[in-house]
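*Asks:*
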Amino acid sequence: MLALLRSALWPRLSALTVALSLALGASSGVHIAHAQSVAPVPPAPIPLSPSAGTVPSLQAPSRRPYAAPAPIPRADRAPLPLAATPFAPSAPTQTVLPALPTAGGDCAAQLRALGVIFNQPSPINGPGACGIPAPVKVTSIGGIALRPTATLTCPTALAFAQFLRGEIAPAARAIHGAPPATVHVAASYVCRTRNHQPGARMSEHSFGRAIDVRAITLASGRQWSVAPRSGGSADARFQARVRQAACGPFRTVLGPGSDGFHTDHLHFDLAERRSTYCR
Ligand SMILES: [Zn+2]
60 MLALLRSALW
70 PRLSALTVAL
80 SLALGASSGV
90 HIAHAQSVAP
100 VPPAPIPLSP
110 SAGTVPSLQA
120 PSRRPYAAPA
130 PIPRADRAPL
140 PLAATPFAPS
150 APTQTVLPAL
160 PTAGGDCAAQ
170 LRALGVIFNQ
180 PSPINGPGAC
190 GIPAPVKVTS
200 IGGIALRPTA
210 TLTCPTALAF
220 AQFLRGEIAP
230 AARAIHGAPP
240 ATVHVAASYV
250 CRTRNHQPGA
260 RMSEHSFGRA
270 IDVRAITLAS
280 GRQWSVAPRS
290 GGSADARFQA
300 RVRQAACGPF
310 RTVLGPGSDG
320 FHTDHLHFDL
330 AERRSTYCR
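The opening position of the sequence shown corresponds to residue 60 in the working numbering, with each subsequent residue numbered one higher.
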């Protein structure tokens, strides 16, 4: 009986298993299809999430570094004071230099424009031909002291002020690395003959048209003194440059080597002569 039942049912059972396996295979195939169709879905949310989540995270870090350059103001502030200080010293000389043109105008006003500190004593009359109708007594020029003070005609004081600021001071800075602090004056107005020689013609000093310089103390403390010099030392170059620059602004320039009377000072004057006399 059993054998009969088996033989009778077997084909049907095997047919069922085939059908089941087919059904299972189809259903698993459906699941695969679902898995495949779901897999592409995630990419869709990606663009959504990046726009919502990634962008802010990108903007935040990018803004922080830009906000950090708060040092930018430092750069703006730093150059301002730096630029202001270096330009400040040159500005006064540039604004003053235009006033350098000598001829004409109010001499006293031109002295003030050059930063000359002076007073105007009473006229000096005599003895003899000596004297200054309208003297000025100069204490300092642009912060550079004159020791002792120099009594001169106003045009002579103006010529020396221009020369000191326009030639001597730049030469001192260029050669000695420091501006003049004090000019040591050997002579200004004094009633005497040339070189103190009896019977000689009257010196330009007798009319306040000459000034003698024997030394200059620089702001650094260094002192340059007039002396017979040659060669390429700083003192020699400075002395030569000052002497050369003086010829023109002054009508007479004398110093070491000119004669036996000017070995220790430079003489500058505004003698009324047709040409300059510089040796
Ligand atoms: Zn002199």
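Positions of the beta carbon are idealized from the N, C-alpha and C atoms, including for glycine.
Here the structure is a predicted model, which is why all the values come from computation and not from measurement.
Determine whether the beta carbon atoms of R310 and A330 lie at a separation below 8 Å.
*Replies:* As a working note, residue 310 is residue 251 in the sequence shown. As a working note, residue 330 is residue 271 in the sequence shown. Cβ atoms of R310 and A330: closer than 8 Å.
*Asks:* Do the stretch 266 to 286 and the stretch 323 to 338 make contact, defined as three or more Cβ pairs closer than 8 Å?
*Replies:* yes
*Asks:* Exposed or buried, which one is Q221 when buried takes at least 16 other CB atoms within 10 Å?
*Replies:* For the purposes of this step, residue 221 is taken as residue 162 along the sequence shown, with counting starting at 1. With 16 or more Cβ atoms within 10 Å of its Cβ, Q221 is classed as buried.
*Asks:* Measure the alpha-carbon distance for R333 versus G174 and round it to whole angstroms.
*Replies:* Here residue 333 refers to the residue found at position 274 of the sequence shown. Here residue 174 refers to the residue found at position 115 of the sequence shown. Rounded to the nearest angstrom, the two C-alpha atoms are 31 Å apart.
*Asks:* Would you give the residue range spanned by the alpha helix (DSSP H) that L329 belongs to?
*Replies:* For this step, residue 329 is matched to residue 270 along the sequence shown. That residue, L329, is in no alpha helix (DSSP H); it is neither H nor E in DSSP.
*Asks:* Using C-beta distances below 6 Å, list every residue in its chain close to P238, excluding the 5 sequence neighbours before and after it, in chain order.
*Replies:* The residue given as residue 238 occupies position 179 in the sequence shown. If the five residues before and after P238 are omitted, its C-beta is found closer than 6 Å to the C-beta atoms of A228, A231, R232 and A278, all from its own chain and listed in chain order.
*Asks:* Quick one: what does DSSP say D165 is sitting in, helix, strand or coil?
*Replies:* Start at 1 with the first residue of the sequence shown, and residue 165 comes out as number 106. Residue state, collapsed to three classes: coil.
*Asks:* Extract the residue ranges of the alpha helix (DSSP H) inside the stretch 166 to 200, only unbroken runs of 4 or more that lie entirely within it.
*Replies:* 166 to 172
*Asks:* Taking the C-alpha atoms as reference points, what is the distance between V285 and I176?
*Replies:* Working through the sequence shown from its first residue, we reach residue 285 at position 226. Working through the sequence shown from its first residue, we reach residue 176 at position 117. Spanning the two alpha carbons is a distance of roughly 25 Å.
*Asks:* Measuring alpha carbon to alpha carbon, tell me which residue in C166, W283, D294 and R281 is nearest C213.
*Replies:* Position 154 of the sequence shown, counted from the start, is the residue given in the question as residue 213. Checking every option, the nearest Cα to that of C213 belongs to C166.
*Asks:* For G280 and P186, what's the separation of their Cα atoms in angstroms?
*Replies:* Numbered from 1 along the sequence shown, position 221 holds the residue referred to as residue 280. Numbered from 1 along the sequence shown, position 127 holds the residue referred to as residue 186. If I take the Cα positions, the gap works out to 40 Å.
*Asks:* Please go through the same chain and pick out, in chain order, the residues whose beta-carbon is closer than 7 Å to the beta-carbon of D294, but skip the five residues on each side of it.
*Replies:* The residue given as residue 294 occupies position 235 in the sequence shown. Around D294: W283 and R288.
*Asks:* Per DSSP, H264 forms a beta bridge with which residues?
*Replies:* Here residue 264 refers to the residue found at position 205 when the sequence shown is read from its first residue. None; H264 has no bridge partner.
*Asks:* Between the Cα of R296 and those of A218, I183, I234 and A245, spot the shortest distance and give me the residue it belongs to.
*Replies:* Taking the first residue of the sequence shown as 1, we reach residue 296 at position 237. For R296, the nearest C-alpha among the options comes from I234.
*Asks:* Just to confirm the assignment: which complete beta strand (DSSP E) runs, minimum length 3, are found wholly within the stretch 269 to 316?
*Replies:* 269 to 277, 282 to 284 and 311 to 313
*Asks:* Just mark T210 as buried or exposed, buried being the case when its beta carbon has 16 or more other beta carbons within 10 Å.
*Replies:* Mapped onto the sequence shown, residue 210 falls at position 151. Burial call: buried.
*Asks:* Thinking C-beta only, is T241 closer than 8 Å to I275?
*Replies:* Counting from one through the sequence shown, the residue named residue 275 turns up at place 216. Counting from one through the sequence shown, the residue named residue 241 turns up at place 182. Yes.
*Asks:* What residue range does the alpha helix (DSSP H) around A233 cover?
*Replies:* Position 174 of the sequence shown holds residue 233. Looking at the DSSP string, the run of the alpha helix (DSSP H) that includes A233 is A228 to H235.
*Asks:* How would you label R338, buried or exposed, when you count the other beta carbons within 10 angstroms and need 16 or more for buried?
*Replies:* As a working note, residue 338 is residue 279 in the sequence shown. The residue is exposed, with fewer than 16 neighbouring Cβ atoms inside 10 Å.
*Asks:* Looking only at its chain, what residues have a beta carbon closer than 6 Å to the beta carbon of G190, apart from the 5 residues adjacent to it on each side?
*Replies:* Residue mapping note: residue 190 aligns to position 131 of the sequence shown, counting from 1. Cβ neighbours of G190 beyond the five flanking positions: I183 and N184.
*Asks:* Which whole-angstrom value is the C-beta distance of A216 and L170, which I expect to be below 8 Å?
*Replies:* Within the sequence shown, numbered from 1, the residue matching residue 216 stands at position 157. Within the sequence shown, numbered from 1, the residue matching residue 170 stands at position 111. Rounded, the Cβ-Cβ distance is 6 Å, consistent with contact.
*Asks:* Relative to the C-alpha of G202, which candidate in A218, R224, A245 and V195 has its C-alpha closest?
*Replies:* Start at 1 with the first residue of the sequence shown, and residue 202 comes out as number 143. Comparing Cα positions, the closest option is R224.
*Asks:* Is D323 near ligand 1, going by C-beta to nearest heavy atom under 7 Å?
*Replies:* To locate residue 323, count along the sequence shown from 1; it is residue 264. Answer for D323: no, Cβ out of range of ligand 1.
*Asks:* Return yes when the C-beta of H243 is under 7 Å from any heavy atom of ligand 1, and no when it is not.
*Replies:* On the sequence shown, position 184 is the one that residue 243 refers to. The answer is no for H243.
*Asks:* Alpha carbon to alpha carbon, how far is A172 from F219? Give it in angstroms, no decimals.
*Replies:* Stepping through the sequence shown from its first residue, residue 219 is reached at position 160. Stepping through the sequence shown from its first residue, residue 172 is reached at position 113. Those two C-alpha atoms are separated by around 14 Å.
*Asks:* Please classify S181: is it buried, with 16 or more other beta-carbons within 10 angstroms of its beta-carbon, or exposed?
*Replies:* As a position in the sequence shown, residue 181 is number 122, starting the count at 1. So S181 counts as exposed.
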